[in-house]
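Report on the structure given below.
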């Protein structure tokens, strides 16, 4: 469970933020996936906050953060991160995001490279899915509200986890389903809008921030091929493939944490 959780009032809204670890240590920001909360990073924060200052937050529209009317954009989600860093007095940080958080990291590396020491893009892509799919999902959620969120919670494990993990860890799966079911419909839909319009396939060639890509070997949503595309486009990008589906930081928590630590601060995982 996170400690030192606060609500930060910034120019772009109010954000639920957990700020853990030594104040003087290098900073690592963790950004959640669609339909989850900052608690998805519990395993990483527990280990890494021993040697790093770990800042994690609920993305706009999620958890305890502002649920403003949509549509949102990935650029707006990146601006939110900068506002949070400014409010906490952080000039530069490493950034790790998964899925929606990953493409937010790409946008951040393009918009404000001077604020980043490293960027880790996990289970993500320069373009996630297609606009029509996201539009249909956003329309469904806006039309049916909590009922649609419950339906999405039922189907998500098939994409997020391998069958073996789902069978072995039903309590973890149920926890992630609760995150989805409890997400504000408008916040979820507005983030679908952002993902539908985001296409960074050409711009990412300009990224010069040291970049690590993490992919799930059997991720059906953001594939290894998506990660390989980014690796080819971003100068010097590294790629690590884990034996997981979409939520690799949950399914292979130890390996993910080690890969993240080795990249941003060798020795941070102990």
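In this note's numbering, the protein residues as written are 238 to 507. Even for Gly, the Cβ is constructed at its ideal location relative to N, Cα and C.
Nearest C-alpha to residue 445 among 280, 492, 354, 458: 354. The Cβ atoms of residue 363 and residue 437 lie closer than 7 angstroms to each other.
Secondary structure remark: continuous beta strand (DSSP E) runs of at least 3 residues inside the stretch 297–355, in chain order: 330–335.
Apart from sequence neighbours up to five positions away, the residues of its chain that approach residue 238 with a beta-carbon distance below 8 angstroms are 276, 279, ordered along the chain. Residue 267 and residue 301 have their C-alpha atoms spaced approximately 16 angstroms apart.
In this structure, the beta-carbon distance from residue 360 to residue 499 does not fall below 7 angstroms. The alpha carbon of residue 476 has as its nearest neighbour, out of 447, 484, 491, the alpha carbon of 447. Residue environment for residue 307: buried (at least 16 other C-beta atoms within 10 angstroms of its C-beta). Check the Cα spacing between residue 460 and each of 484, 440, 439: the tightest is with 484. About 17 angstroms separates the beta carbons of residue 255 and residue 288, which is beyond the 8 angstroms limit, so they are not a contact pair. Taking the CA atoms as reference points, residue 393 sits about 30 angstroms from residue 249.
Around the beta carbon of residue 395, fewer than 16 other beta carbons lie within 10 angstroms, which makes this residue exposed.
Annotated as proximal: residue 506 and residue 494, with beta-carbon spacing under 7 angstroms. Around residue 345, the same chain offers 315, 318, 319, 332, 352, 353, 356 as residues with beta carbons nearer than 8 angstroms, after the five sequence neighbours per side are excluded.
Per DSSP, reduced to three states, the secondary structure at residue 439 is coil, with no helix or strand assignment.
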